[in-house]
Amino acid sequence: MRIISGAIFLFLGLFFITGCSQNRPNKLYINEFMASNSSFSTDEFNENDDWIEIYNPNSHPVDIGGMYISDSKNNLTKQQIPTTASELTTIEPNNFLVLWADGQTEQGALHLGIKLSNLGEDLILTAPNGFIVDSYNYNSQKANVSMGRKPDGSNNWVTFETPTPSASNN
Numbered sequence: 001m002r003i004i005s006g007a008i009f010l011f012l013g014l015f016f017i018t019g020c021s022q023n024r025p026n027k028l029y030i031n032e033f034m035a036s037n038s039s040f041s042t043d044e045f046n047e048n049d050d051w052i053e054i055y056n057p058n059s060h061p062v063d064i065g066g067m068y069i070s071d072s073k074n075n076l077t078k079q080q081i082p083t084t085a086s087e088l089t090t091i092e093p094n095n096f097l098v099l100w101a102d103g104q105t106e107q108g109a110l111h112l113g114i115k116l117s118n119l120g121e122d123l124i125l126t127a128p129n130g131f132i133v134d135s136y137n138y139n140s141q142k143a144n145v146s147m148g149r150k151p152d153g154s155n156n157w158v159t160f161e162t163p164t165p166s167a168s169n170n
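Counted from 1, the sequence shown has number 39 at position 39 by this note's numbering; the numbering is strictly sequential.
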């Protein structure tokens, strides 16, 4: 009986380890963002839009097409990142991708249908299966000052008087 119980325990353990890991997406981080961009950086249309930087710490590229970005815990699927432009939405290993939070999806795959509030709100990155990949709740933001993790991917959030979109915060 002990052998059977041990075998069942081992089987269930392996099932949960392999089953759960298959549903868990690659680790990605909301690494830096600017919620009040009045003059710091411009997008390809020469507009000063708010932005969110995603960091890929993995040793392989990750396409974020099909994932969701939201500013509301009540609507995790508020804005889906397009799946039609993997050449733009794939983040190379140990690299960064900036998404423009400008409410202008017609400007391309890297432009989101949400805008960031400089008064504070949630930022949530969700996998297509509903798994929350990363999230952060921020408070009121100053113009042209970003918030980010230092070092990259850590739990330590700081403000950057000199923001580093698409580059390391280290």
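We treat Cβ as the ideally placed atom computed from N, Cα and C, and that holds for glycine.
Legend entry - Coarse secondary structure for L88, derived from DSSP in three states: helix
Inset, instruction - Examine the Cβ distances between the segment 100–117 and the segment 38–45 and report whether three or more of them are shorter than 8 Å. - result: Yes, the segment 100–117 touches the segment 38–45.
Inset, instruction - Could you tell me whether the Cβ atoms of S72 and Q141 are closer together than 8 Å? - result: no
Legend entry - Nearest-angstrom Cα separation, counted from K27 out to K115: 24 Å
Inset, instruction - Have a look at S175 and T159 and give me their C-alpha separation to the nearest angstrom. - result: Nothing about residue 175 can be read from this structure; the chain reaches only from 1 to 170.
Inset, instruction - Could you check how far apart the C-beta atoms of S135 and D152 are, in whole angstroms? I think they sit under 8 Å. - result: Between D152 and S135 the Cβ distance is about 17 Å, and since that is not below 8 Å, they are no contact.
Legend entry - Length of the line joining the Cα atoms of N170 and E92: 18 Å
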